[in-house]
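This report refers to the structure that appears directly beneath it.
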Amino acid sequence: MKETFKNDVNEGLSKTSKTLPSKYFYDAIGDKIFIKIMHMPEYYLTRAEHEIFKTKTAAIINALNISKDSKFDIIELGAGDGTKTKLLLEDLVSKEYQFKYLPIDISKDALNHLKCSLSKEISSLEVETKQGDYFHVLDDLKSHKNKKIILFLGSNIGNMSDDEAKQFLEKLGNSIHKDDVILLGADLIKSEDIVLPAYSDDAGVTKSFNLNLLTRINSELEANFNINKFEHLATYTEDEGIARSFLVSKEKQEVEIKSLQKSFLFEANEKIHTEDSRKYNNQILENLLENTSLQISNKLTDSNNYFADYILTKK
Ligand SMILES: C[S@@+](CC[C@H](N)C(=O)[O-])C[C@H]1O[C@@H](n2cnc3c(N)ncnc32)[C@H](O)[C@@H]1O
Numbered sequence: 003m004k005e006t007f008k009n010d011v012n013e014g015l016s017k018t019s020k021t022l023p024s025k026y027f028y029d030a031i032g033d034k035i036f037i038k039i040m041h042m043p044e045y046y047l048t049r050a051e052h053e054i055f056k057t058k059t060a061a062i063i064n065a066l067n068i069s070k071d072s073k074f075d076i077i078e079l080g081a082g083d084g085t086k087t088k089l090l091l092e093d094l095v096s097k098e099y100q101f102k103y104l105p106i107d108i109s110k111d112a113l114n115h116l117k118c119s120l121s122k123e124i125s126s127l128e129v130e131t132k133q134g135d136y137f138h139v140l141d142d143l144k145s146h147k148n149k150k151i152i153l154f155l156g157s158n159i160g161n162m163s164d165d166e167a168k169q170f171l172e173k174l175g176n177s178i179h180k181d182d183v184i185l186l187g188a189d190l191i192k193s194e195d196i197v198l199p200a201y202s203d204d205a206g207v208t209k210s211f212n213l214n215l216l217t218r219i220n221s222e223l224e225a226n227f228n229i230n231k232f233e234h235l236a237t238y239t240e241d242e243g244i245a246r247s248f249l250v251s252k253e254k255q256e257v258e259i260k261s262l263q264k265s266f267l268f269e270a271n272e273k274i275h276t277e278d279s280r281k282y283n284n285q286i287l288e289n290l291l292e293n294t295s296l297q298i299s300n301k302l303t304d305s306n307n308y309f310a311d312y313i314l315t316k317k
């Protein structure tokens, strides 16, 4: 893991337009800051998807095409703290469905917390956690024998470029069987005044989330980023439908990363691109699914029409 982190940081900061992959936001500190983000008044995404899970549980269960007579597995990609998923899990357990829950996350801390909270809150639930990058676990899914329900919530897919999302969905389609169902959470395209504050809040929580990436590089790769010399920037236009986050160097400076035995030069106002959060509509998702074996078979939205949970099945 550390080697991959080191190589990814080196590759990203060596580019003409510097980048750092967003998956590295989630260390123990990043996980805690993200939980704060989910509770921010500006972060409508979690509230909207929570509303869908709370008020449309019966419709979700209906769309999963499951029966109480046969076992199935719920596999969640990038489970985080599982707050929304727990609403579904609780309902399924109370209705006596026979299933196992398998959350997958890159963050070991997130998985440990989730497992611990589930053992208290839904003690009869069988849970098997797996740490790893969800791009790499898709291959293992194919050999899975039970029917699979795959959850990919929170608009995590929006952190991928459209090309990456196409490849991911193609691979996901190839790793499921005919009866399997995917529940894909997608933030919908809407105006700048709603979207932008979710990525640049007044209290500076998103700023500390973004800057924590530099703190993580400092502690894990022995670097000397001065986080006071970088600022947080978020951009979004409704036309493009992509919120982008950057770290901007406030001045010309050099940063040493000892474990890479290398220094990186930053010009004044030079940006490091740290995250994209794409917003969707049916057309955009259909384009991404075009060359895959998946189709949209249902769509559940919140009362504001801010967020959608799409049900995807094999064509
Ligand atoms: C934005 S949070 C969303 C959490 C949850 N899905 C939700 O809707 O509340 C993203 C989660 O995905 C995990 N994650 C991000 N990139 C990942 C990757 N490439 N592979 C596995 N997990 C990843 C993070 O650790 C974090 O827990």
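Residue numbers (our numbering): 3 to 317. We put the beta carbon where it would ideally sit given N, CA and C, even for glycine.
Give a single yes or no on whether residue i has its beta carbon closer than 7 Å to a heavy atom of ligand 1.
| i | result |
| --- | --- |
| TYR312 | no |
| SER69 | no |
| ALA167 | no |
| ALA112 | yes |
| ASP135 | yes |
| PHE170 | no |
| LEU90 | no |
| ASP107 | yes |
| ASN158 | yes |
| PHE309 | no |
| PHE36 | yes |
| ALA81 | yes |
| THR48 | yes |
| TYR201 | no |
| GLY14 | no |
| GLU140 | It is Leu, not Glu, that sits at residue 140 in the sequence shown. Checking the Cβ of LEU140 against ligand 1 gives no. |
| LEU155 | yes |
| LYS117 | no |
| GLY175 | no |
| LYS4 | no |
| TYR238 | no |
| LYS86 | yes |
| LYS25 | yes |
| GLY187 | yes |
Based on DSSP bridge pairs, tell me the residues matched to residue i.
| i | result |
| --- | --- |
| ASN300 | ILE313 |
| ASP278 | ARG246 |
| VAL183 | ILE151 |
| VAL95 | Looking at the DSSP assignment, VAL95 forms no beta bridge with any residue, so it has no partner. |
| THR237 | ARG246 |
| ALA188 | ALA310 |
| SER265 | GLU258 |
| VAL129 | TYR103 |
Nearest to residue i by CA position, among the options, is which residue?
| i | options | result |
| --- | --- | --- |
| ASP71 | THR48, LEU90, LYS97, LEU79 | LYS97 |
| LEU47 | ALA310, LEU314, THR315, LYS317 | ALA310 |
| LYS132 | LYS88, HIS179, LYS168, TYR103 | TYR103 |
| LEU66 | THR6, ILE152, GLU13, THR87 | ILE152 |
| SER193 | PHE137, TYR99, THR239 | THR239 |
| SER145 | SER125, LEU174, SER163 | LEU174 |
| ARG246 | SER202, LEU216, LEU287, THR315 | SER202 |
| ILE68 | PHE211, ASP278, LEU94 | LEU94 |
| THR57 | THR315, LYS86, GLU292 | LYS86 |
| VAL207 | ARG49, ASP83, ILE31 | ILE31 |
Residue j and residue i - do their beta-carbons sit closer together than 8 Å?
| i | j | result |
| --- | --- | --- |
| LEU213 | PHE232 | yes |
| LEU113 | LEU120 | no |
| ASN307 | LEU190 | yes |
| LYS147 | VAL129 | no |
| GLU78 | PRO43 | no |
| ASP278 | ASN176 | no |
| TYR312 | ALA188 | yes |
| PHE74 | LYS180 | no |
| ALA270 | SER295 | no |
| ILE108 | LYS34 | no |
| THR217 | ILE229 | yes |
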